[in-house]
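Participant:
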Amino acid sequence: MLSIRSLLFNIAFYLNTIVQMIVFTPVYFLSPRKKAWWVAKNWGRSNLWLQKVIAGTESRIEGLENLPKGSFILAPKHQSLWDTLAFYPYLDDPVYILKRELTWIPLFGWYLMKMRMIAIDRASRSKALKQAMAIGRERMAEGRQLIIYPEGTRRPPGAEPAYKWGIAELYAGLNVPVVPVVHVAGLYWPRRKFFRYPGTIHARFLKPIEAGLSKDAFHARLVAEMEAATDQLLIEAATGPNPPPLPETARKRLAELGVSLPRETVAAQ
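Per the working numbering, the very first residue in the sequence shown carries number 286; after that it's consecutive.
Encoded structure:
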């Protein structure tokens with residue numbers, strides 16, 4: 286049953302993407318940029334609904350009251366494709382930092398350019414940071430919300446922290462609050478895996494880290510708060526009813542936290 290539901294969801298996910306791009310493309314490109322966001326937000330919400338109905342995986346997002354008005358940086362954990370579509374529907378006018386090669390993809394790249402994302406050349410880190418900072422200031426002046434993954438690439442649940450320094454530079458240079466976001470979606474929608482496991486993905490917007498701290502103080506606080514809150518969600522998922530299979534990184538972290546697991550809890554394949 287798990288294989289069938291996973292297969293059906295994966296098919297539905299890509300069909301939903303293709304159909305919505307075809308049906309809503311004229312509306313998207315003829316609408317004013319900010320109003321056109323409803324197309325992308327509808328795509329995100331509809332995929333979460335498909336995941337609930339087909340794969341049996343609910344999404345519960347808490348802490349919406351912690352989102353400030355106007356410009357800020359949203360800093361989510363990055364474990365899964367899930368976290369690339371789950372959060373922006375809650376933002377007024379989000380903007381991503383992404384590699385410029387994505388804007389060269391026909392149709393998809395046009396969607397990105399319509400939303401005036403921050404496309405950078407990642408061949409040079411120093412150049413990319415300068416690009417992100419310069420364009421980011423323009424986007425913040427427009428009242429937008431910058432989404433950046435502090436660890437850069439996707440990492441499995443329970444993996445050791447690997448936070449990049451770039452977010453501290455952006456925090457200081459853009460002078461806006463940062464809202465950390467934690468979750469353990471990688472337990473249910475693992476990276477580079479076929480299976481989609483049933484259960485409830487809990488995600489939480491933490492309280493904003495206000496502008497004005499030193500880079501070192503900000504970075505230390507970001508890592509400490511995000512890791513503590515992520516550990517809490519990991520424990521809840523692993524010890525709750527019907528826990529998902531746990532990758533080795535998650536089992537190792539739980540052991541470090543002194544959490545004993547039921548014998549029937551098996552490692553994810």
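In this text, a Cβ means the ideal position worked out from N, Cα and C, and glycines have one as well.
Please read all numbers here as calculations on a predicted model, not as lab measurements.
(1) By the three-class DSSP mapping on this structure, what secondary structure does G329 have?
(2) Rounded to a whole number of angstroms, what is the C-alpha to C-alpha distance between I494 and T515?
(3) Starting from F357, follow its DSSP beta bridges and name the residues at the other end.
(4) Measuring only the C-alpha atoms, how far is W323 from K399?
(5) Am I right that S344 and I432 are in contact with their C-beta atoms under 8 angstroms? What's the rounded C-beta distance?
(6) Please classify W474 as buried or exposed, where buried requires at least 16 other C-beta atoms within 10 Å of its C-beta.
(7) Under DSSP, the alpha helix (DSSP H) around Y456 begins and ends at which residues?
(8) Span of the alpha helix (DSSP H) holding P311?
(9) Any heavy atom of the ligand ADP within a distance shorter than 8 angstroms of the CB on Y375?
(10) Using DSSP with H/G/I as helix, E/B as strand and the rest coil, what is F372?
(11) Going by DSSP, name the residue or residues bridged to P379.
Facilitator: In short:
(1) Taking the sequence shown and counting its residues from 1, the one referred to as residue 329 is at position 44. If DSSP states are grouped into helix, strand and coil, G329 belongs with the helices.
(2) For this step, residue 494 is matched to residue 209 along the sequence shown. For this step, residue 515 is matched to residue 230 along the sequence shown. For I494 and T515, the distance between alpha carbons rounds to 17 angstroms.
(3) On the sequence shown, residue 357 is found 72 positions in, with the first residue counted as 1. Paired residue(s): Q430.
(4) Indexing the sequence shown from 1 puts residue 323 at position 38. Indexing the sequence shown from 1 puts residue 399 at position 114. Spanning the two alpha carbons is a distance of roughly 13 angstroms.
(5) Residue mapping note: residue 344 aligns to position 59 of the sequence shown, counting from 1. Residue mapping note: residue 432 aligns to position 147 of the sequence shown, counting from 1. The pair is not a contact, with the Cβ atoms about 17 angstroms apart (cut-off 8 angstroms).
(6) Along the sequence shown, read from residue 1 onward, the residue named residue 474 stands at position 189. When all chains shown are included, W474 counts as buried.
(7) Working through the sequence shown from its first residue, we reach residue 456 at position 171. It spans G451 to L459 - the alpha helix (DSSP H) in which Y456 sits, taken as one unbroken run.
(8) Taking the first residue of the sequence shown as 1, we reach residue 311 at position 26. Taken as a continuous stretch (DSSP letters only), the alpha helix (DSSP H) holding P311 covers L287 to L315.
(9) Because no ligand of any kind appears in the structure shown, any question about the ligand ADP cannot be addressed here.
(10) To locate residue 372, count along the sequence shown from 1; it is residue 87. The answer is coil: DSSP assigns F372 none of H, G, I, E or B.
(11) Locating residue 379 in the sequence shown gives position 94, counting from the first residue. Looking at the DSSP assignment, P379 forms a beta bridge with Q430.
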